[in-house]
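Peer 1: The UniProt record's numbering applies: residue 1 is where the sequence shown begins, and numbers increase by one.
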Amino acid sequence: MILPVIVAGGTGSRLWPLSRQLNPKQFLPLADAEMSMLQATILRLRGLGAATPQLICNEQHRFLAAEQLRQLDMEQANILLEPVGRNTAPAIALAALQACDNGQDPILLVLAADHLIQDEAAFHASIQSALPLAQDGKLVTFGVVPDRPETGYGYIEKGQAVGAGGFNVNRFVEKPDMATACEYLASGNFFWNSGMFMFRASRYLQELERFQPKILAVCRAALEGGTQDMHFTRIDSAIFATCPDDSIDYAVMEKTADAVMVPLDAGWSDIGSWSALWDVSPKDENGNVLKGDVLSQASSNSYVHADSRLVTIVGVENLVVVETKDAVLVAHKDRVQDVKKIVEQIKSDDRHEHINHREVYRPWGMYDSIDNGHRYQVKRITVKPGAKLSVQMHHHRAEHWIVVSGTAKVTNGERTYLVCENESTYIPIGQIHALENPGVIPLELIEVQSGSYLGEDDIVRFEDKYGRA
């Protein structure tokens with residue numbers, strides 16, 4: 001049995017301002033307007049006869065992941081939550097241990113949630129070539145057939161042929177300079193390191209115990225000390241925090257004698273920058289990629305994304321322009337790798353634009369922070385039918401709620417009552433309260449907060465159906 005393990009960690013800082021810490025690129029519809037990168041990765045598995053995927057993500061992304069699985073009618077999929085990031089070697093170890101704990105020993109197909117693959121048939125063909133090698137105890141990595149010299153990827157040098165379509169791995173090579181990358185391309189013996197793998201769960205654990213026994217010991221203890229919460233597997237955070245931070249490449253693949261590579265020629269990209277997204281996107285007659293409300297005059301070879309308003313470009317070329325409700329990026333296409341430096345500056349300036357968008361998604365719905373000032377903040381809140389926010393209290397702020405659409409069921413201290421369209425209610429500082437949508441249409445309301453401190457951490461939860469209390 002093939003068990004897909006989809007690793008959905010990372011923040012995608014090079015794709016700021018769309019990708020944020022609490023809503024990173026794997027959960028965004030970047031290459032496809034209809035589905036996120038994660039959803040496209042899952043749907044790409046159709047036709048392989050694989051088991052329901054195992055998803056690994058950060059604790060703070062659990063509701064984003066669960067909602068996107070729900071949209072695919074995959075609520076039964078298990079989501080393994082990492083309390084802190086410790087790179088790919090421990091993440092895959094957790095999945096392998098959990099698979100073996102269930103009394104099975106499946107072939108793991110390890111995929112990243114944020115990769116683009118344009119040729120699904122070729123992708124499936126490479127997996128079928130890798131399957132007998134993995135069943136034979138090999139640890140397979142997929143090497144992307146390069147179509148240009150690329151300094152942004154690591155490389156794999158192939159050795160002697162093994163099986164039907166595989167090659168022994170001579171060596172893994174770090175990201176080269178341009179001259180070396182050109183030599184690699186000309187030789188025909190080097191492939192991009194895709195970060196995708198296939199092996200039996202027990203074989204990975206054997207090699208991890210051999211080369212990085214502490215990682216395996218910590219992961220085993222953290223999993224044994226964890227709990228199952230609905231479809232979430234929570235591991236022991238204190239134990240897992242002691243785990244070494246290491247990638248599967250360094251921990252296992254570069255050390256094992258059983259590393260094998262299968263070529264992958266399927267239109268692969270890791271969408272690691274805005275220029276990479278421009279490369280794989282459909283373009284107009286001037287080479288522009290225009291998304292949203294965009295007008296262009298005498299401009300070429302540019303990527304423009306308008307999220308909330310009209311964006312215009314005149315007489316420019318080779319630019320990236322990305323507009324969101326709270327930030328605008330303008331960059332030359334040749335310098336987009338440096339976007340992460342802007343994110344680092346935002347962090348060092350103690351700003352918040354790298355953390356989340358103005359629109360924030362929650363398991364019960366979403367809110368949009370439409371205005372703020374000294375001692376006040378205004379939000380537009382949408383609550384899904386049947387959803388309920390936690391029973392909570394604030395130490396530093398009062399709240400006014402004005403219902404715009406739908407009906408709100410409000411708990412305000414000892415009272416519970418309905419608030420209908422064009423009606424309002426007031427929640428004093430320190431009052432225990434809750435908001436619920438008892439109807440069948442979305443509840444929309446305006447919330448006006450006022451007080452000495454308006455941070456999201458001023459919430460004391462007493463009850464919560466989503467496990468946050």
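Even glycine gets a Cβ: it sits at the ideal position worked out from N, Cα and C. Since the model is a prediction, treat every value here as computed from it, not as a measurement.
Decide if the region 312 to 320 is in contact with the region 350 to 363; the criterion is three or more beta carbon pairs, one per stretch, under 8 Å apart.
Peer 2: Too few Cβ pairs lie closer than 8 Å, so no.
Peer 1: For the alpha helix (DSSP H) that ASP368 lies in, which residues bound it at each end?
Peer 2: If you number the sequence shown from 1, residue 368 lands on position 368. No alpha helix (DSSP H) holds ASP368; the beta strand (DSSP E) holding it covers 365 to 373.
Peer 1: On the criterion of 16 or more Cβ atoms from any shown chain inside 10 Å, does PHE142 qualify as buried, or is it exposed?
Peer 2: As a working mapping, residue 142 is identified with position 142 in the sequence shown. So PHE142 ends up on the buried side.
Peer 1: Taking only the alpha-carbon atoms, compute the straight-line gap between TRP192 and ALA257 and give it to the nearest angstrom.
Peer 2: As a first step, residue 192 must be located in the sequence shown, where it is residue number 192. As a first step, residue 257 must be located in the sequence shown, where it is residue number 257. Their Cα atoms are separated by approximately 20 Å.
Peer 1: Is the beta carbon of ASN23 sitting closer than 7 Å to the one on ASP246?
Peer 2: Working through the sequence shown from its first residue, we reach residue 23 at position 23. Working through the sequence shown from its first residue, we reach residue 246 at position 246. Not a contact, by the Cβ cut-off of 7 Å.
Peer 1: Roughly how far, in whole angstroms, is the beta-carbon of LEU443 from the beta-carbon of VAL383, given that I think they are within contact range, below 8 Å?
Peer 2: Within the sequence shown, numbered from 1, the residue matching residue 443 stands at position 443. Within the sequence shown, numbered from 1, the residue matching residue 383 stands at position 383. Indeed they touch by this definition, with Cβ atoms about 4 Å apart.
Peer 1: Going by alpha carbons, who is nearest to LYS340 out of GLY272, ALA50, ALA99?
Peer 2: Working through the sequence shown from its first residue, we reach residue 340 at position 340. Answer by Cα proximity: GLY272.
Peer 1: Just verifying my parser: in three-state terms, what is the DSSP assignment at VAL92?
Peer 2: By 1-based counting over the sequence shown, the position of residue 92 is 92. Inspection of the sequence shows that residue 92 is occupied by Ile rather than by Val. Reduced to three states, the DSSP call for ILE92 is helix.
Peer 1: Name the DSSP beta bridge partners of ILE432, please?
Peer 2: Position 432 of the sequence shown, counted from the start, is the residue given in the question as residue 432. Paired residues: none, contrary to the question.
Peer 1: If you reduce the DSSP assignment to three classes, tell me which class LYS384 lands in.
Peer 2: As a position in the sequence shown, residue 384 is number 384, starting the count at 1. Reduced to three states, the DSSP call for LYS384 is coil.
Peer 1: When DSSP labels each residue in this structure, what does LYS409 get in the three-state scheme?
Peer 2: Stepping through the sequence shown from its first residue, residue 409 is reached at position 409. Strand at LYS409.
Peer 1: Measure how close the beta-carbons of ASP101 and ARG200 come, nearest whole angstrom, since I'm counting them as under 8 Å.
Peer 2: Walking along the sequence shown from the start, residue 101 turns up at place 101. Walking along the sequence shown from the start, residue 200 turns up at place 200. So it is not a contact: roughly 15 Å between Cβ atoms.
Peer 1: Give, in chain order, every unbroken run of the alpha helix (DSSP H) that is at least 4 residues long and sits entirely within the region 114 to 201.
Peer 2: Here the runs fully enclosed are 120 to 135, 178 to 187.
Peer 1: In the DSSP assignment, find the unbroken beta strand (DSSP E) run with LEU80 in it and report its ends.
Peer 2: Position 80 of the sequence shown, counted from the first residue, corresponds to residue 80. Looking at the DSSP string, the run of the beta strand (DSSP E) that includes LEU80 is 79 to 82.
Peer 1: What is the DSSP secondary structure of THR52, counted as helix, strand or coil?
Peer 2: Here residue 52 corresponds to residue number 52 of the sequence shown, with the count starting at 1. Looking at THR52 - three-state DSSP - the assignment turns out to be coil, as it is neither helix nor strand.
Peer 1: Comparing alpha-carbon positions, which option in LEU48, GLN71, ALA66 lies nearest GLU34?
Peer 2: By 1-based counting over the sequence shown, the position of residue 34 is 34. Answer by Cα proximity: GLN71.
Peer 1: Taking all protein chains shown into account, decide if LEU295 is buried (16 or more other Cβ within 10 angstroms of its Cβ) or exposed.
Peer 2: As a first step, residue 295 is located in the sequence shown; it is residue number 295 there, counting from the start. Its Cβ having fewer than 16 others within 10 Å, LEU295 is exposed.
Peer 1: Tell me, to the nearest whole angstrom, how far the beta carbon of HIS124 is from that of GLY225; I am working on the premise that it is less than 8 Å.
Peer 2: Your numbering for residue 124 matches position 124 in the sequence shown. Your numbering for residue 225 matches position 225 in the sequence shown. That belief does not hold up - the Cβ atoms of HIS124 and GLY225 are roughly 38 Å apart, past 8 Å.
Peer 1: Which residues bound the alpha helix (DSSP H) around residue 474?
Peer 2: Lying outside 1 to 469, the shown extent of the chain, residue 474 is not represented and no answer is given.
Peer 1: When you compare each of SER452, ARG234, LEU38 to ASP114 by their alpha carbons, which one comes out closest?
Peer 2: The residue labelled residue 114 in the question sits at position 114 within the sequence shown. The shortest Cα separation from ASP114 among SER452, ARG234, LEU38 belongs to LEU38.
Peer 1: Quick one: complete alpha helix (DSSP H) runs, 4+ long, within the region 223 to 278?
Peer 2: Counting only runs of 4 or more, we get 237 to 240.
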